[in-house]
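Below is one structure; the comments refer to it alone.
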Amino acid sequence: MPNTLCALDDFTLQTSSHLSQQTRSGRVYSACKQVVVMALQLPSMILEAMKAEAALDQDFESEALESHSPPSLVDLTPSPSPEVGGPLPFATSSFDDDKAPLSSSKKRKRPSGRHLSRHIRAMRREDYYDTHGHQPGPKKLKKLVEKVEVEDAVIELKELPSTMGGYEAKREDEWEDKVYTLEEVKGFGLDVYQWDGRRPVAFVAPNKQIFMVLAGRPDDPQYDAATERVYEAITRDARPIQFGSKYLLHRRGDYPTLDAGVSRGQGLPRPVSLDCRPHEDFVAGLFANPDLQRMAAYASSAFATWAPRTYNYYKRHLDKLFTRMPHLPRIFPKCIFPAMSTNISKAQTVRHRDLKNCPFGWCAVQSLGRFDPKQGGHLVVWEIGLAIEFPPGSTILLPSATLSHSNTKIAENEERTSLTYYCHGGLFQWVDYDFQTEQDLRTNNPMLFEKIWRDRPKRWALGLSLFSTMEELRSGSFDTFDA
Ligand SMILES: [Fe+2]
1 MPNTLCALDD
11 FTLQTSSHLS
21 QQTRSGRVYS
31 ACKQVVVMAL
41 QLPSMILEAM
51 KAEAALDQDF
61 ESEALESHSP
71 PSLVDLTPSP
81 SPEVGGPLPF
91 ATSSFDDDKA
101 PLSSSKKRKR
111 PSGRHLSRHI
121 RAMRREDYYD
131 THGHQPGPKK
141 LKKLVEKVEV
151 EDAVIELKEL
161 PSTMGGYEAK
171 REDEWEDKVY
181 TLEEVKGFGL
191 DVYQWDGRRP
201 VAFVAPNKQI
211 FMVLAGRPDD
221 PQYDAATERV
231 YEAITRDARP
241 IQFGSKYLLH
251 RRGDYPTLDA
261 GVSRGQGLPR
271 PVSLDCRPHE
281 DFVAGLFANP
291 DLQRMAAYAS
301 SAFATWAPRT
311 YNYYKRHLDK
321 LFTRMPHLPR
331 IFPKCIFPAM
341 STNISKAQTV
351 RHRDLKNCPF
361 GWCAVQSLGR
371 FDPKQGGHLV
381 VWEIGLAIEF
391 PPGSTILLPS
401 ATLSHSNTKI
411 AENEERTSLT
421 YYCHGGLFQW
431 VDYDFQTEQD
441 LRTNNPMLFE
451 KIWRDRPKRW
461 ALGLSLFSTM
471 EELRSGSFDT
481 FDA
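Residue numbers for the sequence shown follow the UniProt record's numbering, beginning at 1 and rising by one.
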């Protein structure tokens with residue numbers, strides 16, 4: 001977690017001239033110093049943008065316009081619609097791309113060089129994404145479900161350490177502040193889980209719910225190349241930076257880490273945009289990188305694929321948040337997660353849990369670098385007793401607030417970078433509390449306050465019930481069930 005956060009007003013003043021961008025649908029994107037760069041390097045940037053757009057659309061969501069309508073969204077907001085679940089079909093009626101009316105946002109200017117029909121399709125895709133988020137197409141979902149490996153894990157999900165309100169995890173453990181070698185981890189009795197970083201693996205609890213997924217990566221060599229370029233870009237851009245104590249002193253390990261996006265951690269009264277000064281140029285470079293945009297979109301779409309109800313819970317809440325607070329930036333064009341940590345050079349973590357993240361939510365972790373994944377850089381998930389090989393370029397989704405995790409040590413001459421996409425549970429709480437603190441809610445809306453307080457003991461189980469089962473993924477139909 002960052003030590004210093006800028007107030008919203010400060011951020012607005014700092015960025016109002018050139019950093020924030022807002023689409024007509026109300027979405028705001030951050031880190032837009034690249035606008036200045038675009039003015040100077042227009043042709044190459046257009047080419048890159050076109051390539052990136054095509055890549056973003058091909059990983060998961062491109063089927064969305066072809067064959068199905070969106071699932072109904074799940075809302076855990078206590079008021080006014082407290083019902084949870086209900087059928088969540090992937091395909092109930094057709095969505096006709098050709099006949100779909102263009103929204104007002106379709107009047108956006110066509111970039112130079114883009115064919116009109118391609119421009120219209122791109123705009124429709126963008127509007128579809130704005131409304132529905134990532135929705136795996138039935139064909140791609142079927143293919144994934146056919147090839148996924150299912151691992152049964154001995155874990156009681158409801159016993160994981162969530163707070164009663166279900167907005168963050170309990171702080172109840174202290175572990176040694178040490179990065180263990182693979183041999184040391186094995187010495188604790190943990191098993192090594194061999195993984196090629198490609199095949200999807202779903203970890204399933206005894207109650208049949210999928211609680212963690214080794215998502216892998218898209219089956220596309222261009223994606224591998226994109227992850228390589230992201231690693232090279234981060235390494236190159238970070239090399240001249242002298243990271244101060246704000247970025248070096250954190251409880252997850254001994255390496256620079258830089259958080260960006262929207263947060264409500266560390267007891268903050270309201271959501272804020274994280275202050276990246278004095279490294280805002282580095283961050284702007286990250287968010288403008290089309291390869292990283294593709295990786296972020298993949299992380300998000302994998303989340304939507306394996307935990308569609310949980311994803312929809314994120315979307316419903318975060319859409320409300322960004323609509324109500326449009327000055328807050330979205331970090332990537334197609335990524336549900338509102339914040340990202342960039343962990344640089346020798347990213348190997350000590351055992352920890354990310355307490356402020358939504359306890360029943362997932363974060364996505366992507367591994368990058370030059371290291372031997374057979375020897376180090378494993379993702380150790382202590383509660384299930386596994387050290388999972390985590391090759392560069394691959395993605396893992398897990399509930400990082402409630403499962404303790406770490407990395408095994410890499411060799412002296414090796415480097416590992418990782419990207420972690422996450423969402424603080426406090427953002428969901430802010431929305432549920434009608435965009436105010438608990439104290440203000442108690443004063444301003446006692447009835448809602450009473451209801452939320454009364455329902456608190458149920459909320460953790462309610463959140464867990466959003467996880468999917470393999471049966472649901474196979475059938476493409478999602479019913480409410482109790483955890
Ligand atoms: Fe973590």
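No residue lacks a Cβ here, since even glycine has one placed at the ideal position from N, Cα and C.
Model, not experiment: these values are computed from the prediction.
Local conformation of residue i per DSSP, three classes
i           : result
Phe337      : coil
Thr181      : coil
Lys346      : strand
Ala153      : coil
Thr443      : helix
His352      : strand
Leu190      : coil
Asp259      : strand
Met325      : coil
Ala202      : strand
Leu286      : helix
Phe371      : coil
residue 494 : Missing from the structure shown is residue 494; the chain here goes from 1 to 483 and no further.
Leu464      : helix
residue 569 : For residue 569 there is no data in the structure shown, the boundaries of the chain being 1 and 483.
Ser477      : coil
Val148      : coil
Phe428      : helix
Gln167      : Going by the sequence as given, residue 167 is Tyr instead of Gln. Tyr167: coil per DSSP, three-state reduction.
Ser301      : helix
Glu415      : strand
Thr437      : coil
Ser112      : coil
Asn357      : strand
Outcome for residue i when other beta-carbon atoms lying within 10 angstroms are tallied against a minimum of 16
i      : result
Gln135 : buried
His378 : buried
Phe360 : buried
Lys409 : buried
Trp195 : buried
Val179 : buried
Arg316 : buried
Ser367 : buried
Lys320 : buried
Glu471 : exposed
Lys458 : exposed
Gln293 : buried
Same chain, Cβ closer than 7 Å to residue i, neighbours up to 5 away in sequence not counted
i      : result
Gly261 : Leu274, Ile331, Pro338, Ala339 and Met340
Val145 : Leu473 and Arg474
Phe449 : Leu441 and Arg442
Leu248 : Pro256
His119 : Arg110
Asn444 : Gln436
Arg456 : Met164 and Gly165
Asp434 : Leu441, Asn445 and Leu448
Neighbourhood of residue i by C-beta, 6 Å cutoff - its chain only, sequence neighbours within 5 removed
i      : result
Ser406 : Thr349, Val350, Arg351 and Val380
Asp237 : Phe282 and Gly285
Ser356 : One detail in the question is off: residue 356 reads as Lys in this sequence, not Ser. Excluding sequence neighbours, Lys356 sits near Glu168, Gly265 and His424.
Val213 : Ala202, Trp306 and Leu397
Ala226 : Asp291 and Arg294
Contacts around residue i, its chain only, beta-carbon distance under 8 Å, and the 5 residues preceding and following it disregarded
i      : result
Glu415 : Thr235, Ser345, Lys346, Gly369, Arg370 and Phe371
Leu157 : Ala205, Asn207, Gln209, Phe211, Leu464, Phe467 and Ala483
Gly189 : Gly385
Ser394 : Trp195, Gly197, Arg198, Leu214, Ala215, Gly216, Arg217, Gln366 and Ser367
Glu149 : Arg199, Pro200, Val201 and Ala202
Any chain C beta carbon closer than 8 Å to residue i
i      : result
Gln222 : Chain labels in this structure do not include chain C; a single protein chain is all it has.
Chain-ordered list of residues that sit, by beta carbon, closer than 5 Å to a heavy atom of ligand 1: With 5 Å as the limit between CB and the heavy atoms of ligand 1, the residues that fall short of it are Asp354 and Ser400.
Runs of alpha helix (DSSP H) wholly within the segment 380-409 (minimum 4 residues, chain order): As far as the segment 380-409 is concerned, it has no whole alpha helix (DSSP H) run of at least 4 residues.
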